[in-house]
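J.: The structure under discussion is supplied below as C-alpha cells; questions concerning it will follow.
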Amino acid sequence: MKQGGTAEAILSSLCDEGTFCFKGTECMTTSNDTTHFYDAIAEYYPLFYRDWQTQLEREGLGLRAIFRNKGVTRVLDPSCGAGTQAIALAQLGFQVVATDPSPGMLRKAQEIAAQFELRGELEFHRADFISLEDVVSGPFDAVVTKGNALPHLLTDDEIELTLHTFYELLRPGGVLVIGMRDFGPFMEARPRFIPGFTHTLDDDREFITFDIWEWQEGPPVIATQNLYIVQGKDDDYDTTRRQVIFRPLSTDEVKVALLEAGFDEISDQPDRSERVLVARKPLGAG
C-alpha cells in the first residue's frame with residue numbers, strides 16, 4: 002500500500018488522474034461500479050444463504066462478541082447490502098446507521114427491517130465508501146464492513162482513502178471490523194467453478210446459484226465473479242448471469258493498510274469462508 006497523504010490530497014490526485022469521481026465533484030465514486038450488479042441481485046439476496054434467519058443470528062452474535070467490553074452503542078455499517086449485519090445488530094439493541102451505494106439493496110434492507118418492525122434502531126442512507134463523510138455524521142463507536150465489500154476497491158489509493166474515512170468517523174478507541182472472503186486458498190488454487198445454493202421457492206420453482214470465476218494477472222491480481230442464477234421447474238428453466246469484479250486482498254495487505262491509516266490492536270480470525278479483521282482507533286487519537 003502507498004504511504005501517507007490526507008484525504009483531500011488523495012482525492013485530488015485521483016481526480017487529476019481521471020480514474021474515478023466523487024460526490025460533489027465533476028468526476029463518479031470508485032473505479033469499480035458495483036451498483037448494477039447488486040441492484041440486479043437484491044431481490045434474491047437472502048437466497049444466497051442456506052438459511053437467512055440463521056445467518057442474521059450468527060452475524061449479530063458474532064459482532065456482539067467482538068464489541069464486548071468496548072463500549073459500543075452506535076454502529077456504522079457502510080456496506081449494508083440487504084442488512085445482514087445492520088439488521089442483526091439493530092435486533093440486539095445497537096443504534097445502527099446503514100449505507101450502501103445500491104438503491105436496490107437499500108430497498109431490500111428496508112423491506113426486511115420493516116418485517117422485523119425495526120424503526121428507531123436503524124436508519125438508511127445511500128452512499129459509497131468515498132462519499133460517506135458527506136452523508137453520515139460521526140463519531141461512531143464501531144464501523145462494520147463485511148460481506149467482502151472492501152475487495153471491490155481496486156487501487157491502493159481507494160483503499161487508503163476508505164480506511165482514512167473509517168478512521169475519521171470513529172471516536173478514539175472505536176472499533177473497525179472488516180469481513181472479507183479468505184482469498185488465501187483462492188489465490189493458490191485459482192478456482193473456476195464454485196457451487197452455490199439450491200432453494201425451492203413458494204411456487205415450487207427451483208432457485209439455483211453457482212459461480213464461474215476468471216482471473217487476470219496483475220499486479221494487482223483481479224478476479225471476476227460470474228454469478229449464474231437458474232430458476233424454473235419441470236423442463237422450463239431460465240438462466241441469468243451477473244458479473245462483478247474484486248481485488249483478492251490478503252489479510253496481510255489489509256493489516257499493513259490499517260497500520261498506515263493509524264489503527265492499532267489489529268487482529269484477524271476465521272469465520273467460515275471469511276476472514277474477519279478487527280482494529281482499533283487509538284484512545285489518544287484526535
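According to the numbering used here, the sequence shown is numbered sequentially starting from 2.
C-beta: ideal position from N, C-alpha, C; glycine also.
Since we're looking at a predicted model, the values are computed, not measured.
#1: In its own chain, which residues sit with a C-beta less than 7 Å from the C-beta of valine 231, not counting the 5 before and 5 after it?
#2: Have a look at Tyr39, Pro186, Glu122 and Arg182 and flag the residue whose alpha-carbon is nearest the alpha-carbon of glycine 105.
#3: Looking at phenylalanine 141: is its Cβ nearer than 9 Å to the Cβ of leucine 171?
#4: Assign isoleucine 195 to one of two classes, buried (16 or more other C-beta atoms within 10 Å of its C-beta) or exposed (fewer than that).
#5: Taking 9 Å as the threshold (C-beta atoms), are glutamine 86 and glutamate 122 in contact?
#6: Going by beta-carbon coordinates alone, are valine 279 and valine 176 separated by less than 9 Å?
#7: What are the start and end residues of the alpha helix (DSSP H) that includes valine 136?
#8: Report the start-end ranges of each alpha helix (DSSP H) in the segment 138 to 162 that is 4 residues or longer and not cut off at the edges.
#9: How far does the alpha helix (DSSP H) with glycine 185 in it extend, from its first residue to its last?
#10: Since valine 245 is in the alpha helix (DSSP H), which residue starts that stretch and which ends it?
#11: How is threonine 225 classed by DSSP in three states: helix, strand or coil?
#12: Taking the straight line between their C-alpha atoms, what separation do you get for serine 138 and lysine 234?
#13: Kindly indicate which three-state DSSP category lysine 71 falls into: helix, strand or coil?
#14: Start and end of the beta strand (DSSP E) containing phenylalanine 125?
#15: Pull up the DSSP beta-bridge partners for proline 102, would you.
#16: Just the C-alpha distance for proline 47 and leucine 228, rounded to the nearest angstrom, thanks.
#17: Quick one, which of Gly82, Asn70 and Leu260 has its alpha-carbon nearest isoleucine 42's?
#18: Please say whether leucine 284 and isoleucine 160 have beta carbons closer to each other than 9 Å?
#19: Can histidine 126 and threonine 166 be called in contact, C-beta distance under 9 Å?
#20: How close, in whole Å, do the beta carbons of lysine 282 and tyrosine 168 come, if the pair is a contact with beta carbons under 8 Å?
#21: Starting from threonine 210 and walking both ways along the beta strand (DSSP E), at which residues does that stretch end?
#22: Going straight from the alpha carbon of alanine 190 to that of arginine 120, what length do you get?
#23: Could you give the DSSP three-state label for aspartate 269: helix, strand or coil?
#24: Measure the beta-carbon distance from threonine 163 to phenylalanine 130 and round it to whole angstroms, keeping in mind my assumption that it falls under 8 Å.
#25: Helix, strand or coil, according to DSSP, for glutamate 1 in the structure here?
T.: Quick answer:
#1: Correct list, in chain order: Ile209, Tyr238 and Thr240.
#2: Answer by Cα proximity: Tyr39.
#3: Inclusion of phenylalanine 141 and leucine 171 in the CB contact set at 9 Å is warranted, their separation being smaller than that value.
#4: Exposed: under 16 other Cβ atoms inside 10 Å.
#5: No.
#6: Yes, these two residues count as a Cβ contact at 9 Å.
#7: Segment 133 to 136, the alpha helix (DSSP H) holding valine 136.
#8: Whole alpha helix (DSSP H) segments, 4+ residues: zero.
#9: For glycine 185, the enclosing alpha helix (DSSP H) starts and ends at 184 to 190.
#10: Here valine 245 belongs to no alpha helix (DSSP H); instead the beta strand (DSSP E) covers 237 to 247.
#11: DSSP places threonine 225 in strand when its eight states are reduced to three.
#12: Our two residues, serine 138 and lysine 234, have alpha carbons roughly 48 Å apart in a direct line.
#13: Here lysine 71 sits in coil by DSSP.
#14: Where phenylalanine 125 is concerned, the enclosing beta strand (DSSP E) stretches over 123 to 127.
#15: DSSP, once it has assigned bridges, lists no residue as partnering proline 102.
#16: Taking the straight line from one Cα to the other gives about 15 Å.
#17: Of the candidates Gly82, Asn70 and Leu260, the one whose C-alpha sits nearest the C-alpha of isoleucine 42 is Gly82.
#18: Annotated as distal: isoleucine 160 and leucine 284, with beta-carbon spacing of 9 Å or more.
#19: No.
#20: The Cβ separation is near 6 Å, so the contact holds.
#21: It spans 207 to 217 - the beta strand (DSSP E) in which threonine 210 sits, taken as one unbroken run.
#22: If you take the alpha carbons of alanine 190 and arginine 120, they lie about 44 Å apart.
#23: Note: aspartate 269 maps to strand in three-state DSSP.
#24: Rounded, the Cβ-Cβ distance is 4 Å, consistent with contact.
#25: The structure shown does not extend to residue 1, since the chain is modelled only from 2 through 287, so no value can be given for it.
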